[in-house]
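Heads up: the structure comes next, in structure tokens.
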Amino acid sequence: MLSIEELEATFRSARAELEAYGEQVAAKYRQLIPDPPQWTGPGTDPEAARARSAAVSDAERARTARLRQAAMEASLLLARARVAAKLEGHRGV
5 MLSIEELEAT FRSARAELEA YGEQVAAKYR QLIPDPPQWT GPGTDPEAAR
55 ARSAAVSDAE RARTARLRQA AMEASLLLAR ARVAAKLEGH RGV
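Here it is, written out as structure tokens:
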């Protein structure tokens with residue numbers, strides 16, 4: 005059984021990997037489908053954003069889903085360990 009500290013590290017690592025991959029994919033598609041020069045609104049052009057979203061490959065979507073699932077599983081294990089630790093603390097009283 006992993007310690008709470010090890011589970012926290014695993015969760016942070018999984019979340020960081022998910023965020024880094026998401027940023028990598030977003031940068032790739034922002035480069036491939038930039039906002040049009042005439043776009044002056046705040047943020048990104050909605051039409052360009054829809055085109056980027058539609059262009060993301062199935063493999064990239066699948067990897068993102070796997071990374072998201074790994075982060076959620078690590079979060080769940082961490083939450084369970086914290087609850088178990090609290091319950092153990094109350095039993096000893």
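Going from the sequence shown to the numbering used here is simple: count from 1 and add 4. Glycine included, every Cβ here is placed at the ideal spot set by N, Cα and C.
Spatial distance of Lys32 from Gln73 (CA atoms): Start at 1 with the first residue of the sequence shown, and residue 32 comes out as number 28. Start at 1 with the first residue of the sequence shown, and residue 73 comes out as number 69. Rounded to the nearest angstrom, the two C-alpha atoms are 23 Å apart.
Along the chain, where does the alpha helix (DSSP H) containing Gln28 start, and where does it finish? Along the sequence shown, one-based indexing puts residue 28 at 24. 8–36 is the extent of the alpha helix (DSSP H) around Gln28.
Just confirm the distance between the C-beta atoms of Ala69 and Leu36, as a whole number of angstroms; I'd bet it's less than 8 Å. Position 65 of the sequence shown, counting from 1, holds the residue named residue 69. Position 32 of the sequence shown, counting from 1, holds the residue named residue 36. Beta-carbon to beta-carbon, Ala69 and Leu36 are separated by about 21 Å, too far to satisfy the 8 Å threshold.
Rounded Cβ spacing between Pro40 and Ala55 (contact assumed at less than 8 Å): Here residue 40 refers to the residue found at position 36 of the sequence shown. Here residue 55 refers to the residue found at position 51 of the sequence shown. About 11 Å separates the two Cβ atoms, so there is no contact after all.
Whole-angstrom distance between Asp49 and Ala78, CA atom to CA atom: Working through the sequence shown from its first residue, we reach residue 78 at position 74. Working through the sequence shown from its first residue, we reach residue 49 at position 45. Cα to Cα, Ala78 sits roughly 35 Å from Asp49.
Given Ala75, which residues of its chain have a CB within under 6 Å of its CB, disregarding the five upstream and five downstream residues? If you number the sequence shown from 1, residue 75 lands on position 71. Hits under 6 Å: Ala18, Arg19, Leu22.
Can you give, in chain order, each stretch of the alpha helix (DSSP H) that sits fully within the segment 29–87 and has at least 4 residues? 50–59
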